[in-house]
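First to last, the protein sequences are chains S and U. According to this note's numbering, the first sequence is numbered sequentially starting from 9. According to this note's numbering, the second sequence is numbered sequentially starting from 9. Just so you know, even glycine gets a beta-carbon here, dropped at the ideal spot from N, CA and C. I have placed the structure first, in the form of structure tokens, so that the comments after it can refer back to it.
There are 2 protein chains.
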Amino acid sequence: MPRTPLWTSIEAALTGDIAEGRYRAGDRLPSEAALAARFGVNRHTVRRALAAMAEAGLVHARRGAGVTVLHRPTEYPIGRRVRFHRNLQAAGRLPAREVAALETCAASEAEAAALEVAPGAHVVVCEGRSLADGQPIALFRSVFPADRLPGIGDALREVASVTEALVRCGVADYTRRSTRIAARPADATQAARLMVEEGAALLRTVSVSVDPAGVPVEHGTTWFAGERVTLTLAEP
Amino acid sequence: MPRTPLWTSIEAALTGDIAEGRYRAGDRLPSEAALAARFGVNRHTVRRALAAMAEAGLVHARRGAGVTVLHRPTEYPIGRRVRFHRNLQAAGRLPAREVAALETCAASEAEAAALEVAPGAHVVVCEGRSLADGQPIALFRSVFPADRLPGIGDALREVASVTEALVRCGVADYTRRSTRIAARPADATQAARLMVEEGAALLRTVSVSVDPAGVPVEHGTTWFAGERVTLTLAEP
DNA sequence: CTGCGATACCTGTCTAGTTGTATATATTCG
DNA sequence: CGAATATATACAACTAGACAGGTATCGCAG
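So this is what it looks like as structure tokens:
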């Protein structure tokens with residue numbers, strides 16, 4: 009009977025609710041079952057509407073958790089994505105960052121080689137997520153030589169930026185010695201944390217930073233969401 | 009969204025950590041709660057991964073105490089891929105290259121802006137494929153300002169390298185003014201020419217090269233097969 | 001120093017709720 | 001008929017929270 013699919017009107021209603029501020033960025037929508045009851049349709053019809061909204065970047069669904077609102081449609085036109093032009097030299101200094109794990113453990117062979125410490129030496133590993141405008145931009149994993157930087161663990165816990173933490177440990181300045189860049193598909197957990205599809209293209213940078221004397225102080229790996237980030241190399 | 013269960017990638021990550029020596033036999037893994045935070049998932053999902061590892065005899069969990077590592081995995085699949093370390097500065101000078109198309113046409117708006125020529129001005133477009141060891145490594149598309157480089161088309165046809173062709177047109181030397189790097193999934197034709205899966209991660213670099221006077225002489229886009237290439241940035 | 005209790009933390013288990021996926025079926029329209 | 005739309009049902013995967021049972025650690029009394 010309806011020549012326009014039912015789900016389009018549900019999408020319009022929900023998008024309108026978000027636009028009017030009934031559901032705001034970060035809020036959880038009611039469950040699919042609840043929405044289905046509200047609109048008097050089957051859950052799959054609601055899912056069709058939510059899928060369209062997710063495609064447009066309006067909401068993001070997590071299995072088990074609910075559906076979260078990402079943006080107000082007025083702020084971010086549908087289909088338009090946030091573009092982030094980042095200077096590679098400035099990597100590590102982003103608007104917001106979440107630290108998910110901070111632990112001390114043994115260095116792997118590769119990490120030990122990069123940091124020029126003995127294999128199995130203590131290293132502080134800091135993992136987390138960088139965000140901009142509420143959207144996840146990158147996952148990072150930084151490894152610091154614990155013996156070379158006493159107190160780095162506490163410093164990382166207390167201050168927000170890596171630079172500042174290193175300053176606390178006596179490293180006034182540091183530079184990148186090398187950076188390797190590769191493109192890799194996202195695995196399941198990476199995809200979930202970056203809110204992209206599994207298998208989406210990630211930009212992985214692996215770097216070693218050294219202090220003015222040339223001694224390695226950090227070994228970092230960052231996975232950028234390829235669809236949201238472009239790295240820009242400054243002309244030396 | 010995840011066609012592979014989340015916990016499998018967690019199992020892979022932890023098994024990899026053990027294989028690389030971050031956690032050694034006898035060590036205690038971080039608590040389930042800490043791991044859940046690190047991977048951004050629920051504790052139960054971590055437990056599922058740990059259960060699989062315990063099943064394999066890799067770790068042992070004791071109630072109240074933590075999870076201890078028993079031994080290194082005897083067999084851990086490390087993606088054995090051809091690795092190509094390339095200096096970004098040298099991009100565009102590869103062992104072998106196939107020119108698939110060479111034509112003169114009008115510049116698009118973006119190309120005109122990058123090359124600092126009038127929109128619609130004549131440009132020479134060179135497209136093709138770079139190979140190493142018989143394997144396709146990258147697709148390239150270079151755009152040259154035809155009026156600024158008289159005879160560039162013939163030069164490109166006759167000599168193998170871009171550098172040499174530019175020398176013929178009076179550009180003794182050139183440097184990169186800017187490089188932008190992004191990760192993008194491969195479309196069907198790119199996938200076919202690079203011999204990778206459709207949707208595989210590609211590394212796209214967009215650059216502008218200038219002569220010693222700072223005048224743009226080339227605007228290039230290169231798509232590297234992410235699984236075969238690692239770009240290495242040299243320390244300036 | 002030893003022994004012991006308090007406490008914080010960790011794993012094991014359970015219940016409930018939510019999204020993702022697969023299959024089957026009815027209805028409508030061209 | 002065939003395609004698109006919507007419904008119905010069932011199960012798998014993940015999240016959330018709570019609680020029980022076990023362990024390690026630390027301070028403190030003896």
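Cross-chain neighbours of residue i in chain S, by beta carbon under 9 Å
i: THR12/U; result: ASP195, ALA196, GLU206
Residue-chain proximity (residue i, chain S), Cβ-Cβ < 9 Å
i: GLU28/U; result: yes
i: GLU235/U; result: yes
i: SER217/U; result: no
i: ASP25/U; result: yes
i: ASP35/U; result: yes
i: ALA60/U; result: no
i: GLN21/U; result: Before going further, note that residue 21/U is Ala rather than Gln in the sequence given. By this cut-off, ALA21/U is an interface position.
DSSP state of residue i mapped onto helix, strand, coil
i: GLY161/U; result: helix
i: LEU96/S; result: Because the pLDDT of LEU96/S is 37, which lies under 50, any placement of that residue in the model is unreliable, and the question is left without a value.
i: GLU106/U; result: strand
i: ALA129/U; result: coil
i: THR112/U; result: strand
i: ALA154/S; result: coil
i: LEU139/U; result: strand
i: ALA73/U; result: coil
i: ARG56/S; result: helix
i: LEU123/S; result: helix
i: ALA168/S; result: coil
i: LEU147/U; result: strand
Contact list for residue i against chain S, beta-carbon separation under 8 Å
i: SER39/U; result: Under the 8 Å cutoff, chain S gives no residues; its nearest Cβ is about 10 Å from SER39/U.
i: PRO148/U; result: The amino acid occupying residue 148/U in the given sequence is Phe; Pro does not appear at that position. Chain S residues near PHE148/U: none, gap ~16 Å exceeds 8 Å.
i: GLY48/U; result: ALA108, ARG137, THR197, ALA200, ARG201
i: ILE18/U; result: THR197
Neighbour flag for residue i against chain U, beta carbons, 9 Å
i: ARG51/S; result: no
i: GLY65/S; result: no
i: VAL54/S; result: no
i: GLY72/S; result: yes
i: PHE152/S; result: no
i: VAL133/S; result: yes
i: GLU226/S; result: no
i: SER119/S; result: In the sequence under discussion, the amino acid at residue 119/S is Glu, which differs from the Ser named in the question. At least one chain U Cβ lies under 9 Å of GLU119/S.
Chain U contact residues for residue i, given Cβ-Cβ distances below 7 Å
i: SER116/S; result: GLU28, GLY29, ARG30
Neighbour list for residue i in chain U, Cβ cutoff strictly below 8 Å
i: LEU211/S; result: ILE189, ALA190, ALA191, LEU211
i: THR238/S; result: ARG188, ILE189, ALA190
Within chain U, partners of residue i - CB distance below 9 Å
i: ARG111/S; result: Note that residue 111/S corresponds to Glu in the displayed sequence, not to Arg. PRO38, ALA42, ARG46, listed in chain order.
i: GLY128/S; result: GLY29, ARG32
Proximity test, residue i beta-carbon vs the ligand NAP heavy atom, cut-off 8 Å
i: GLU40/U; result: The ligand NAP is absent from the structure shown, which contains no ligands of any kind.
> In the stretch 24 to 54 of chain S, which residue ranges form an unbroken alpha helix (DSSP H) of at least 4 residues, counting only runs that do not cross its ends?
Replying inline: Counting only runs of 4 or more, we get 40 to 47.
>> Using a Cβ distance threshold of 8 Å, determine whether the stretch 122 to 139 of chain U contacts the stretch 151 to 163 of chain U, with at least three qualifying pairs required.
In response: Between the stretch 122 to 139 of chain U and the stretch 151 to 163 of chain U there are three or more inter-stretch CB-CB distances shorter than 8 Å, so the stretches are counted as touching.
>> Just to confirm the assignment: which complete alpha helix (DSSP H) runs, minimum length 4, are found wholly within the stretch 171 to 243 of chain U?
In response: Here the runs fully enclosed are 196 to 202.
>> Does the stretch 215 to 230 of chain S come into contact with the stretch 205 to 216 of chain U, if we say contact requires no fewer than three beta-carbon pairs (one atom in each stretch) closer than 8 Å?
In response: Judged by Cβ distances under 8 Å, the stretch 215 to 230 of chain S makes no contact with the stretch 205 to 216 of chain U, as fewer than three pairs qualify.
> Do three or more CB pairs link the stretch 165 to 180 of chain U to the stretch 190 to 207 of chain S at distances below 8 Å?
Replying inline: Judged by Cβ distances under 8 Å, the stretch 165 to 180 of chain U makes no contact with the stretch 190 to 207 of chain S, as fewer than three pairs qualify.
> Should the stretch 46 to 58 of chain U be regarded as contacting the stretch 18 to 28 of chain U, the criterion being three or more beta carbon pairs within less than 8 Å?
Replying inline: Yes, they touch.
> Is it a yes or a no for the stretch 72 to 80 of chain U touching the stretch 27 to 37 of chain U, going by three-plus beta-carbon pairs under 8 Å?
Replying inline: Flag = yes, the stretch 72 to 80 of chain U and the stretch 27 to 37 of chain U touch.
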